[in-house]
Each structure stands twice: as structure tokens, then as C-alpha cells.
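Participant:
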Amino acid sequence: MPKYTEIREKLNINVKKPDQTELAYLTHFLHTYKNGASHYFEEPATQYLINILDKFDKVSEPYFQPYLPIEWDIPFPSPKKPKFKFIDLFAGIGGFRLAFQNLGGKCIFSSEWNHFAQKTYEANFGEVPFGDITKIDENEIPEHDILVGGFPCQPFSIAGVSKKNALGRKHGFKDETQGTLFFDIARIIEAKKPKTFLLENVKNLVSHDKGKTFKIISKTLKSLGYNIHCKVLDGKHYVPQHRERILIVGFREDLFKNQETFEFPKMPEASHVIEDILEKKPDSKYTLSDKLWLYLQNYAKKHKAKGNGFGFGLANMDGISRTLSARYYKDGSEILIPQHGKNPRRLTPRECSRLQGYPDNFIIPVSNNQAYRQFGNSVVVPLMQAVGNEIVKELLKLNEKHTRESNSVCTEL
Ligand SMILES: C[S@@+](CC[C@H](N)C(=O)[O-])C[C@H]1O[C@@H](n2cnc3c(N)ncnc32)[C@H](O)[C@@H]1O
Numbered sequence: 055m056p057k058y059t060e061i062r063e064k065l066n067i068n069v070k071k072p073d074q075t076e077l078a079y080l081t082h083f084l085h086t087y088k089n090g091a092s093h094y095f096e097e098p099a100t101q102y103l104i105n106i107l108d109k110f111d112k113v114s115e116p117y118f119q120p121y122l123p124i125e126w127d128i129p130f131p132s133p134k135k136p137k138f139k140f141i142d143l144f145a146g147i148g149g150f151r152l153a154f155q156n157l158g159g160k161c162i163f164s165s166e167w168n169h170f171a172q173k174t175y176e177a178n179f180g181e182v183p184f185g186d187i188t189k190i191d192e193n194e195i196p197e198h199d200i201l202v203g204g205f206p207c208q209p210f211s212i213a214g215v216s217k218k219n220a221l222g223r224k225h226g227f228k229d230e231t232q233g234t235l236f237f238d239i240a241r242i243i244e245a246k247k248p249k250t251f252l253l254e255n256v257k258n259l260v261s262h263d264k265g266k267t268f269k270i271i272s273k274t275l276k277s278l279g280y281n282i283h284c285k286v287l288d289g290k291h292y293v294p295q296h297r298e299r300i301l302i303v304g305f306r307e308d309l310f311k312n313q314e315t316f317e318f319p320k321m322p323e324a325s326h327v328i329e330d331i332l333e334k335k336p337d338s339k340y341t342l343s344d345k346l347w348l349y350l351q352n353y354a355k356k357h358k359a360k361g362n363g364f365g366f367g368l369a370n371m372d373g374i375s376r377t378l379s380a381r382y383y384k385d386g387s388e389i390l391i392p393q394h395g396k397n398p399r400r401l402t403p404r405e406c407s408r409l410q411g412y413p414d415n416f417i418i419p420v421s422n423n424q425a426y427r428q429f430g431n432s433v434v435v436p437l438m439q440a441v442g443n444e445i446v447k448e449l450l451k452l453n454e455k456h457t458r459e460s461n462s463v464c465t466e467l
């Protein structure tokens, strides 16, 4: 059986620049081979193969047979006997994918437009996500049970569209959310009708634009036929980091009849401390220079004098850190590690990955700056897994019920 890493080499699967959609088709095809979703990707994947073999002058292999099935020798292969299918939108580096694969799910579609994030995703999952979601036709996404995605928060402006115009339309959301990334989630949900979904966003989404943004989101999701459950949860129960996020879970009303017994999981006691995630011998390059350390101290003093609490955050080894942000690469001031007899240091990329609950075999194939951005944008994996577990329980219960019903119809016949 050929190994994925050999195929990667042979077929030139290497994310070097934006918009390498042909690699997304190819890797999606390799992943969905013979599982009912492959026809979505087969034609462009075959075209890519023909082109590349032409280039290498290897006309003797006109189709994929020599490559399939594959031994997925990457850190996080899909489960062998998946229990459900999901899609990963605004995928970043795959925090959701990791969580839902751990729950027995097979990812059959991913989208992420940043090519550095695509590179990390491919290195770990053997799949290049498709790019800009706004350019993806919803009908080209395979059927799935669960849709997951942490979408960027944007204000909704209905300027230019009169309310009257929106009235009487089946789904007013098209007018109210047009031009935002939530609109893209809504149109995919409308077209594909996943049984359930899990959306994630910053806690501020709830109060954003005086609550209007969140109201439109909930209204839209309900209008699409879903029963909604929302809660703000803190990652600190699973990792030593204060990270509050709003989670929005939806269940299709026509299937679950609003009778799902879903509840957000009870949070375990927060027992993780910063010390747990530190590397033993971090490189000295992570120690702040005298100049930067002085600057941060003066900056903090100035702001304190003005009554602002902002400034650097020296982490308490027995405690938890502030929220890791995508800006951490700038100076790392929000989470600094004190050191005996030295200036404090910033976290290493591996420590950032641990702070988000990634296992140590997660490959980091990009520069430190990109890695800080990627982990700063990510979800806390075990928190998503805990919430996902409650969703999957409901989904499997529903599937069992349907199997029982269809069996009893068969016996009656
Ligand atoms: C908050 S991050 C999600 C991170 C992800 N949940 C993870 O665990 O790594 C949002 C992601 O959406 C991506 N994004 C923003 N606009 C996009 C678009 N139009 N199409 C595809 N991806 C987009 C960004 O590049 C970013 O990686």
C-alpha cells in the first residue's frame, strides 16, 4: 500500500502559495475515495493527475489505481470506521478537525484561505483545504452530518437593502447578512441541511453592535429550521489559559423534533497550570531583549498612571495565562514567562500549541511568526471535543432511532 508521504512527494503536494485549488481537489479526492463523496472532487483531481504525469513524462499511469488505497502516514489520519461525516469551515490549522476526528468523525470537506494555515493543515491531516469560502458554490460541498466552524465576527449592515425588500422573502437572512462570512455559513446550511452544527466565536459576539449581530445570527439559524443552544465556555477547564468563547449548537428541527437532550458539558475543575505546558530547555532567543523589556515596563507604567490596566502579563507558574491572541507574534507581551536572573521570555510555538490543547505530535511546518498567529487563532481542542461529544451522542441516538424504525418497517413488510 503506498504511503501518503510518498504520494505527497510524487504528486507535488506542497502548499507554497495561495489558491492552489488543484491540490485541494486532489487531496479531498484521496480522502473521500470510495466513500460516496468522491464524485465531488474526482474530475479536477484526475485532471491534475494527468497534467502532472504529463509534466513528468509518465504516461503509463493514467489513473489513481496505483495510489489507492493509501496508508495515511500523517500524525492525524481519519478514523478507519467513521461514525459520522463532518465539514470543517474556517478551518485554520484544524483544531475542530482534531476534536471531531477524535470523536470518530470523518472530515469530507475543509475550507481555509490562508496558505500558511493550509500548509500546517496538510502536514497534519494530509489534506489541503479549499480556499475562499465566499467563492465556493454550496452545491459543490458533499452531504454531511455535522458542520463545524469558527467564523470571523463582522457587523451586519443592511444599508442599501430596505426592510420592505427583505419582507416576504423566504429567508430574510440573504438581505440581512449578505457580504459577511456568516452569510456563507447560512447559505451552506440552507443548501446542505446538516443534521447538526457547532459554530464558535469570540465571547464579544454576544454584545457586538448592541446585541444586534447575535440576534440576526440566532434568528437566521432558527429560520433555517434549527433549534439553537448557546453558551459561553472557558478553555481554562481543559488548558491553563483563560479563553472564553461563545458556542452555538443547532439541531435540525424536522429530525430531532426539538427533543434532543443536548446539554453543554459540565466543566471539569480547572486544574491545569502554566508550569505543565512549559518546555524544559527553551532556546535563549525567546528571552526578551533589554530594549523590549524596558519598553514594555515603561508602557505599562504610563498606562497604569492613566488608570488603564493594560500592559504586559507576567504569567503565574501555578496559575493560568491570559488569552493567547493572533497578535502574540508581535511582542508576546500578553503572556510572559518569568525567569530567574534574566528578562522574562515569550512562549515557544510548541508551548502555544499546548496552551490550546494540541498534542505534541502536531507538526508545525511554518515560521515562528506564522505559528504564533495560527495557534492564537485556534480553538481549545479538548473543549471543542467535550462539546462535540455531547452533539455526537445526540446524532448517534438519532441514527439508531432511524435504524430501528427502518428495521421495524422491514419486519412488517
Ligand atoms: C478564528 S480562525 C479559526 C481557527 C480554527 N478554528 C482553528 O482551530 O485553527 C478563522 C479562520 O478563518 C479564515 N478565513 C477568514 N476568511 C476566510 C474566507 N473568506 N475563506 C476561508 N477562510 C477564511 C482565517 O484565515 C482564519 O484562519
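Final position of the sequence shown in my numbering is 467; the numbers increase by one with none missing.
Even for Gly, the Cβ is constructed at its ideal location relative to N, Cα and C.
Which partner residues does residue 283 have in the DSSP bridge list?
Facilitator: Its beta-bridge partners are 303.
Participant: Note down, one range per segment and in chain order, each beta strand (DSSP E) of at least 3 residues found wholly within the stretch 129-161.
Facilitator: As far as the stretch 129-161 is concerned, its whole beta strand (DSSP E) runs of at least 3 residues are 138-143.
Participant: Starting from residue 430, follow the alpha helix (DSSP H) in both directions and report where the run begins and ends.
Facilitator: Its alpha helix (DSSP H) spans residues 422-431.
Participant: Which residue marks the beginning of the alpha helix (DSSP H) containing residue 391, and which one marks its end?
Facilitator: Where residue 391 is concerned, there is no enclosing alpha helix (DSSP H), although the beta strand (DSSP E) it sits in stretches over 390-393.
Participant: Rounded to whole angstroms, what's the CA-CA distance from residue 446 to residue 253? Just pull it up for me.
Facilitator: If I take the Cα positions, the gap works out to 15 Å.
Participant: Let's test the definition: count the other Cβ atoms within 10 Å of the Cβ of residue 358 and tell me whether it reaches 16, buried, or not, exposed.
Facilitator: Answer is exposed; the Cβ neighbour count stays below 16.
Participant: Relative to the C-alpha of residue 338, which candidate in 265, 402 and 133 has its C-alpha closest?
Facilitator: Looking at the Cα atoms, 402 is the closest of the given residues.
Participant: Can you give the Cα-Cα distance for residue 179 and residue 314, rounded to whole angstroms?
Facilitator: Those two C-alpha atoms are separated by around 32 Å.
Participant: Taking the alpha-carbon positions, what's the residue 340 to residue 173 distance?
Facilitator: Between residue 340 and residue 173, the C-alpha separation is close to 24 Å.
Participant: Pull up the DSSP beta-bridge partners for residue 57, would you.
Facilitator: BP columns for residue 57 point to 125.
Participant: Could you compute how far the alpha carbon of residue 197 sits from the alpha carbon of residue 141?
Facilitator: Roughly 9 Å between the two C-alpha positions.
Participant: For residue 250, which residues does DSSP report across the bridge?
Facilitator: Partner(s): 200 and 305.
Participant: If you drop the 5 nearest sequence neighbours on each side, which residues of the same chain put their C-beta closer than 8 Å to that of residue 351?
Facilitator: Excluding positions up to five away in sequence, the list reads 366.
Participant: Identify, in the order they occur along the chain, each residue of the same chain with its Cβ nearer than 7 Å to the Cβ of residue 231, setting aside the five sequence neighbours on each side.
Facilitator: Closer than 7 Å at the Cβ level, and outside the excluded window around residue 231, lie 210, 237, 240, 270 and 274.
Participant: Is residue 232 helix, strand or coil by DSSP?
Facilitator: Residue 232: coil per DSSP, three-state reduction.
Participant: Sort 154, 434, 200 and 290 by Cα distance to residue 453 and report the nearest one.
Facilitator: Ranking 154, 434, 200 and 290 by Cα distance to residue 453 puts 200 first.
Participant: Would you kindly check if the distance between the Cβ of residue 176 and the Cβ of residue 69 is under 8 Å?
Facilitator: For residue 69 and residue 176, yes; Cβs fall inside 8 Å.
Participant: Are there any heavy atoms of ligand 1 lying less than 7 Å away from the beta-carbon of residue 145, as far as the coordinates show?
Facilitator: For ligand 1, at least one heavy atom lies less than 7 Å from the Cβ of residue 145.
Participant: Which one of 379, 316, 391 and 380 has the shortest CA to CA distance from residue 342?
Facilitator: Comparing Cα-Cα distances from residue 342 to each of 379, 316, 391 and 380, the minimum goes to 391.
Participant: Can you give me the C-alpha to C-alpha distance between residue 424 and residue 383, rounded to a whole angstrom?
Facilitator: Spanning the two alpha carbons is a distance of roughly 8 Å.
Participant: From residue 320 to residue 145, what distance separates their C-alpha atoms?
Facilitator: Using only the alpha carbons, I get a separation of about 26 Å.
Participant: Relative to the C-alpha of residue 169, which candidate in 399, 147 and 431 has its C-alpha closest?
Facilitator: That would be 147, whose Cα lies nearest to the Cα of residue 169.
Participant: Taking just the CA atoms, how far does residue 421 sit from residue 400?
Facilitator: Their Cα atoms are separated by approximately 16 Å.
Participant: Where does residue 436 land, buried or exposed, given buried means 16+ other C-beta within 10 angstroms?
Facilitator: With 16 or more other Cβ atoms within 10 Å, it is buried.
Participant: Count the CB pairs spanning the stretch 409-421 and the stretch 456-463 that are closer than 8 Å, and state whether there are at least three.
Facilitator: No, the stretch 409-421 does not touch the stretch 456-463.
Participant: Do residue 259 and residue 300 have their C-beta atoms closer together than 8 Å?
Facilitator: It is a contact, given that the beta carbons lie within the stated cut-off.
Participant: How would you call residue 234, buried or exposed, if buried means at least 16 neighbouring beta carbons within 10 angstroms?
Facilitator: Per the 10 Å Cβ criterion, buried.
Participant: In angstroms with no decimal places, state the Cα-to-Cα distance between residue 279 and residue 308.
Facilitator: Approximately 7 Å between the Cα atoms of the pair.
Participant: Can you tell me whether DSSP reads residue 214 as helix, strand or coil?
Facilitator: Here the model assigns residue 214 a pLDDT of 41, short of 50, so the residue's position is not dependable and the matter cannot be decided.
Participant: For residue 396 and residue 296, what's the separation of their Cα atoms in angstroms?
Facilitator: Cα to Cα, residue 396 sits roughly 26 Å from residue 296.
Participant: Looking at C-beta atoms only, is the number of pairs between the stretch 182-189 and the stretch 88-100 that lie closer than 8 Å three or more?
Facilitator: With a cut-off of 8 Å, the stretch 88-100 and the stretch 182-189 do not count as touching, because too few Cβ pairs lie within range.
Participant: Is residue 458 helix, strand or coil by DSSP?
Facilitator: If DSSP states are grouped into helix, strand and coil, residue 458 belongs with the helices.
Participant: Would residue 434 and residue 411 be called neighbours here (beta carbons separated by less than 8 Å)?
Facilitator: Their beta carbons are under 8 Å apart, which means residue 434 touches residue 411 by this criterion.
Participant: Inspect the beta-carbon positions of residue 81 and residue 127 and report whether they are closer than 8 Å.
Facilitator: No; because the gap between Cβ atoms is not below 8 Å, this pair is not in contact.
Participant: DSSP on residue 381, reduced to helix/strand/coil?
Facilitator: Of the three classes helix, strand and coil, the one that applies to residue 381 here is coil, per DSSP.
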